[in-house]
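Chains as they are written, first to last, in our numbering: chain F, 1 to 270; chain A, 271 to 540.
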């Protein structure tokens, strides 16, 4: 197993590389993993999302336990929506409440597949070879918008807001997802704990089947869908999604400035 | 009105600029419209999609006439899905049938808004100022997949295939969309002819409201939705979507190699 991170130096430069002890061995990029020779101390660098996907393909109903709870049949092809590049943030970066939305915001802890090679109509073997590694995703949703219009479920809108796709803290290549579990804690209290071997479509099947629908590019992420235990994030609450062997993805729903102002006004009036 | 195009030179270089008579006056880029001083003959260049969107936001149910026909109320917020960057092609480039899909493929002629400035939570005035210009979109759909799964409408999949977002031939800034019509011809026969002033959300309203949902970036495209008259494209058929003042977007659904082989086999057997 190799751990890869993407970080920002003090001068704003983005570096990508392999983590060993407390050092980053810099590589040219995820799709050209050639070492540059530079070795940087992680202490001088700020982590950002471990890749910069052009698109994030997010699956719905990809776990047997969740399908059973929803009383839906498991699908015959991955069911997905797209989250835009602008929705991506890294670990420790704040989730921001949309300015015009006061409703429920929900976390979903998930395994993320990071694509390493362009692929289209990939066989299972080609799909397996196109996977650079695995990461963790918190697929955040403005739940109140999803079915706001009864004629059109707004998947892309509800899940596409800036900061609603938390990815990180690292990508691990050679990771054995079959024996791993996704554990999600809300303010330290466990809310999800599910085994990845309950997935309907394995990562290689997802990459193969989705690559029939659209060309997948290096850095693109497939969020494998969540299972039981999703729930609401209060303003100011912290979600930690962890997978042993990859790490912990930690994001706080920022108290919005509007609310801060409202709270300040209340304080001022008191 | 100014007409802008993006083209490829013989050596594969992409150039962008203002069209005057038969010449391209090159500009640095759409979001930095600074002339480079170069003037190139259009005859030496091959047109490609006039911008390279990171994402395409495609609206559903944005025309009063279509809403009436569908017997749906007009929405209170733009209803949209996302089409990935890889789905974009330019005029005269072939639409390709997905390798594993034999069903109906449908055209939708639409006005396209091209974003010129990054915008988020934009007011109507800011939204208007963020519009670089207008183009034409053929929002292609694998109609048989949309409701293949009764539990999850597959908008992103059905509309997200490579080559399913035809954009072009040009972007026109200063274009008066209010007096324009979208005319779609299938193999020369008119199938759509609808006025743009029947739109539910005007372009500035779309940009303003969608910028509350996600940051829009220069080059991003909003496909304004279609109206009456969408229909099926047979293999080998040509769709021409035109808007007076912008031009004609022409794309043919390529006869797939699989079908060509099957046809060849039939011929061989005959």
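Every residue gets a Cβ at the ideal spot worked out from N, C-alpha and C, and that includes glycine.
Going along chain F in order, which residues have a C-beta closer than 8 Å to the C-beta of residue 390(A)?
Working through the second chain from its first residue, we reach residue 390(A) at position 120. 162, listed in chain order.
If we define contact as Cβ-Cβ less than 8 Å, is residue 205(F) a contact residue for chain A?
If you number the first chain from 1, residue 205(F) lands on position 205. No - not a single Cβ of chain A is within 8 Å of the one on residue 205(F).
Close beta carbons around residue 319(A), own chain, < 7 Å, minus the five adjacent residues each side
As a working mapping, residue 319(A) is identified with position 49 in the second chain. Only 276, 358, 359, 360, 437, 438 meet the Cβ criterion.
How many angstroms separate the CA atom of residue 225(F) from the CA atom of residue 113(F)?
Along the first chain, one-based indexing puts residue 225(F) at 225. Along the first chain, one-based indexing puts residue 113(F) at 113. C-alpha separation (whole angstroms): 11 Å.
Return no unless some Cβ of chain F is closer than 8 Å to the Cβ of residue 421(A).
On the second chain, residue 421(A) is found 151 positions in, with the first residue counted as 1. Cβ-Cβ to chain F under 8 Å: yes for residue 421(A).
Is the CB of residue 287(A) under 8 Å away from at least one CB in chain F?
By one-based count along the second chain, residue 287(A) stands at place 17. So no, residue 287(A) is outside the interface.
Residue 207(F) by DSSP, collapsed to three states: which one?
As a first step, residue 207(F) must be located in the first chain, where it is residue number 207. The answer is helix: DSSP assigns residue 207(F) an H, G or I state.
With DSSP collapsed to three states, give me the class of residue 156(F).
The count along the first chain starts at 1 and reaches residue 156(F) at position 156. Here residue 156(F) sits in helix by DSSP.
In chain order, what residues of the same chain have a beta carbon less than 8 Å from the beta carbon of residue 193(F), not counting five sequence neighbours either side?
As a working note, residue 193(F) is residue 193 in the first chain. 181, 182, 183, 184, 229, listed in sequence order.
Looking only at its own chain, which residues have a Cβ that is under 7 Å from the Cβ of residue 379(A), when we skip the five neighbours before and after it?
By one-based count along the second chain, residue 379(A) stands at place 109. Hits under 7 Å: 408, 452, 454, 462, 496, 511.
Roughly how many whole angstroms lie between the Cα atoms of residue 206(F) and residue 238(F)?
For this step, residue 206(F) is matched to residue 206 along the first chain. For this step, residue 238(F) is matched to residue 238 along the first chain. Looking at the two C-alpha atoms, the distance is approximately 30 Å.
Contact criterion: CB-CB distance below 8 Å. Does residue 356(A) meet it with respect to chain F?
In the second chain, counting from the first residue as 1, residue 356(A) sits at position 86. Cβ-Cβ to chain F under 8 Å: yes for residue 356(A).
For the 8 Å Cβ check, are there 3 or more pairs between the segment 61–71 of chain F and the segment 11–21 of chain F?
no
Pairwise C-alpha distance: residue 363(A) and residue 249(F)
Position 249 of the first chain, counted from the first residue, corresponds to residue 249(F). Position 93 of the second chain, counted from the first residue, corresponds to residue 363(A). Approximately 43 Å between the Cα atoms of the pair.
Please classify residue 414(A): does DSSP put it in a helix, a strand, or coil?
Looking up residue 414(A) in the second chain gives position 144. Looking at residue 414(A) - three-state DSSP - the assignment turns out to be helix.
For residue 46(F), collect the residues of the same chain with a Cβ closer than 7 Å to its Cβ; drop the 5 residues on either side in sequence, then sort them by chain order.
Mapped onto the first chain, residue 46(F) falls at position 46. Cβ neighbours of residue 46(F) beyond the five flanking positions: 7, 8.
Could you tell me which chain A residues have their CB closer than 7 Å to the CB of residue 215(F), listed as they occur along the chain?
Translated into positions along the first chain, residue 215(F) becomes position 215. Correct list: 356, 432.
Helix, strand or coil for residue 347(A), going by three-state DSSP, please let me know.
For this step, residue 347(A) is matched to residue 77 along the second chain. Of the three classes helix, strand and coil, the one that applies to residue 347(A) here is coil, per DSSP.
Just tell me which of 427(A), 284(A), 323(A), 385(A) has its CA closest to the CA of residue 371(A).
The residue labelled residue 371(A) in the question sits at position 101 within the second chain. The shortest Cα separation from residue 371(A) among 427(A), 284(A), 323(A), 385(A) belongs to 427(A).
9 Å Cβ cut-off: residues of chain A touching residue 12(F):
Reading the first chain from its first residue, position 12 is the one you call residue 12(F). Those do not exist, as residue 12(F) stays about 17 Å from chain A at its closest Cβ, beyond 9 Å.
Listed in chain order, which residues of the segment 211–238 of chain F have Cβ atoms closer than 8 Å to some Cβ of chain A?
Answer set for the segment 211–238 of chain F: 212, 213, 214, 215, 217.
Residue 96(F) and residue 254(F): beta carbons closer than 8 Å?
Looking up residue 96(F) in the first chain gives position 96. Looking up residue 254(F) in the first chain gives position 254. For residue 96(F) and residue 254(F), yes; Cβs fall inside 8 Å.
Using DSSP's beta-bridge definition, name the partner residues of residue 333(A).
Start at 1 with the first residue of the second chain, and residue 333(A) comes out as number 63. Answer is 469(A).
Is the CB of residue 363(A) under 8 Å away from at least one CB in chain F?
In the second chain, residue 363(A) corresponds to position 93, counting from 1. No, residue 363(A) does not count as interfacial toward chain F.
Return the CA-CA distance between residue 273(A) and residue 125(F), expressed in angstroms with no decimal places.
As a first step, residue 273(A) must be located in the second chain, where it is residue number 3. As a first step, residue 125(F) must be located in the first chain, where it is residue number 125. Near 47 Å, if we compare the C-alpha coordinates of residue 125(F) and residue 273(A).
Same chain only: Cβ atoms within 6 Å of residue 353(A), ignoring 5 sequence neighbours per side:
Numbered from its first residue, the second chain carries residue 353(A) at position 83. Around residue 353(A): 326, 328, 429, 430, 435.
Does any CB atom of chain A fall closer than 8 Å to the CB of residue 124(F)?
Working through the first chain from its first residue, we reach residue 124(F) at position 124. With 8 Å as the cut-off, residue 124(F) does not count as an interface residue toward chain A.
Alpha-carbon to alpha-carbon, residue 406(A) and residue 252(F)
Against the first chain, residue 252(F) aligns to sequence position 252. Against the second chain, residue 406(A) aligns to sequence position 136. When rounded, the distance between both Cα atoms is 41 Å.
Where residue 370(A) meets chain F, residues with beta-carbon distance less than 7 Å:
Here residue 370(A) refers to the residue found at position 100 when the second chain is read from its first residue. Simply 212.
Is any beta-carbon of chain A found at less than 8 Å from that of residue 61(F)?
For the purposes of this step, residue 61(F) is taken as the residue at position 61 of the first chain. Yes, residue 61(F) counts as interfacial toward chain A.
Got a sec? Which residues, its chain only, sit under 8 Å from residue 67(F) by beta carbon, not counting five neighbours each side?
Counted from its first residue, the first chain places residue 67(F) at position 67. So the list reads 61, 73, 74, 200, once near-sequence residues are dropped.
Alpha carbon to alpha carbon, what distance is there between residue 13(F) and residue 36(F)?
Counting from 1 along the first chain, the entry for residue 36(F) is found at position 36. Counting from 1 along the first chain, the entry for residue 13(F) is found at position 13. Those two C-alpha atoms are separated by around 15 Å.
Closest Cβ-Cβ distance between residue 374(A) and chain F: below 8 Å?
As a working mapping, residue 374(A) is identified with position 104 in the second chain. It does not; no Cβ of chain F falls within 8 Å.
Give the secondary structure of residue 20(F) by DSSP, where H, G and I count as helix, E and B as strand, and everything else as coil.
Counting from one through the first chain, the residue named residue 20(F) turns up at place 20. Looking at residue 20(F) - three-state DSSP - the assignment turns out to be strand.
Relative to the C-alpha of residue 373(A), which candidate in 425(A), 300(A), 415(A) has its C-alpha closest?
Translated into positions along the second chain, residue 373(A) becomes position 103. The option with the nearest alpha carbon to residue 373(A) is 415(A).
Using three-state DSSP, classify residue 118(F) as helix, strand or coil.
The count along the first chain starts at 1 and reaches residue 118(F) at position 118. Note: residue 118(F) maps to coil in three-state DSSP.
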